[in-house]
Structures are given as C-alpha cells and as structure tokens.
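Participant:
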Ligand code: CUA
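In this note's numbering, the protein residues as written are 498 to 658.
1) Between residue 576 and residue 565, which are expected to be in contact by the criterion C-beta below 8 Å, what is the C-beta distance as a whole number of angstroms?
2) Taking 8 Å as the threshold (C-beta atoms), are residue 542 and residue 620 in contact?
3) Could you give the distance in angstroms between the alpha-carbon of residue 598 and the alpha-carbon of residue 561?
4) Could you check the C-alpha separation between residue 525 and residue 534 for me, to the nearest Å?
5) Excluding the five sequence neighbours on either side, which residues of its own chain have a C-beta within less than 7 Å of the C-beta of residue 617, listed in chain order?
6) Please confirm whether any heavy atom of the ligand CUA lies closer than 7 Å to the CB of residue 543.
7) Could you name the residues that DSSP lists as bridge partners for residue 616?
8) If I follow the unbroken beta strand (DSSP E) through residue 593, where does it start and stop?
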C-alpha cells in the first residue's frame, strides 16, 4: 500500500501525540499519585445513627489535627451542636482538618472557599478530604450541587484563628 510522505508524517505525529498523552496519564498515576475520587466508605443513609455519623462533630485528634464528621441534608450541613446551624467550624491557623461528609437524603456538594476541597456528597457514600488551613480568615463552606428550594441557604463557615 502506498502512503504519501506527508500522510506518513501526520500518522507519525498522531501516534507520537497519543504516546505522549498515554505517558502523561501513567506519570500522573505513578509519579503524582493522582486518581479518580472514590468513596472513602459506605454508610446506610436511612440509618446514620448506626454509623460514625450518629453524632456529627468536629474534634481535635491531637496536635493541630482535626476530624470533622458532617451530615449534609436538605438544606443544611450538620457538624454537631457545638458548631451550630449553619455550622461554624473554628480551628487555629496551621490546622489540618480531615472532613468526612455524607448525605442523608439526596446529592449535595461540599466546597470550601480558597481551599482544595470540592466534593460530591452522595447518600450512602462517605466523601473524605484533608485540608490544611494555613492562613487565618473566614472561609465559606457551600453546597455546590443544586439540591432544591433551600440550596442557596445551605452553607457554613470555617473560621481559622
Ligand atoms: Cu445541598 Cu445544594
């Protein structure tokens, strides 16, 4: 079969590009450890009382590390009585907070302003993210998945002191 010279160059360029993309994909996985988000655990949304989400809370687990269990529901985030409603989570600057978030009813979102956490909160699944709060400030927590009439008032705050 005769392949024109320029046609051949183009074919080679396509193969090289695909090869580069594949190499980049492998590198993100192997070198940088980037992978698709997957649920950190499963719970029965109809029976959260029997799970680690029975009593939502934010607690210190030693040093500057915190653990937050938060239940998203129409239309609020429940981070326990201490945090109030809408929740205000107070941590000192330099804290590292691991958030465990689940939903009691439908799909919600969990995003914290200026920080690298933006999770889907799915009933039955536990979404987990660890966030370092370096700078003092007030950061909004928002639900960024449209979840009905009260979506706009589904928020909270992290206050880094
Ligand atoms: Cu919950 Cu939007």
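Don't be surprised by glycine CBs; every beta carbon is placed ideally from N, CA and C.
Facilitator: Answer, in terms of the structure:
1) Within the chain shown, numbered from 1, the residue matching residue 576 stands at position 79. Within the chain shown, numbered from 1, the residue matching residue 565 stands at position 68. That belief holds up - the Cβ atoms of residue 576 and residue 565 are roughly 6 Å apart, short of 8 Å.
2) Here the question's residue 620 lines up with position 123 in the chain shown. Here the question's residue 542 lines up with position 45 in the chain shown. Result yes, Cβ atoms of residue 620 and residue 542 sit closer than 8 Å.
3) Mapped onto the chain shown, residue 598 falls at position 101. Mapped onto the chain shown, residue 561 falls at position 64. Cα to Cα, residue 598 sits roughly 20 Å from residue 561.
4) Locating residue 525 in the chain shown gives position 28, where the first residue counts as 1. Locating residue 534 in the chain shown gives position 37, where the first residue counts as 1. The alpha-carbon atoms of residue 525 and residue 534 are separated by roughly 14 Å.
5) Walking along the chain shown from the start, residue 617 turns up at place 120. Excluding positions up to five away in sequence, the list reads 604, 606, 624, 642.
6) Counting from 1 along the chain shown, the entry for residue 543 is found at position 46. Checking the Cβ of residue 543 against the ligand CUA gives no.
7) Looking up residue 616 in the chain shown gives position 119. Looking at the DSSP assignment, residue 616 forms a beta bridge with 607.
8) Counting from one through the chain shown, the residue named residue 593 turns up at place 96. Following the DSSP letters along the chain, one finds residue 593 inside the beta strand (DSSP E) bounded by residues 592-600.
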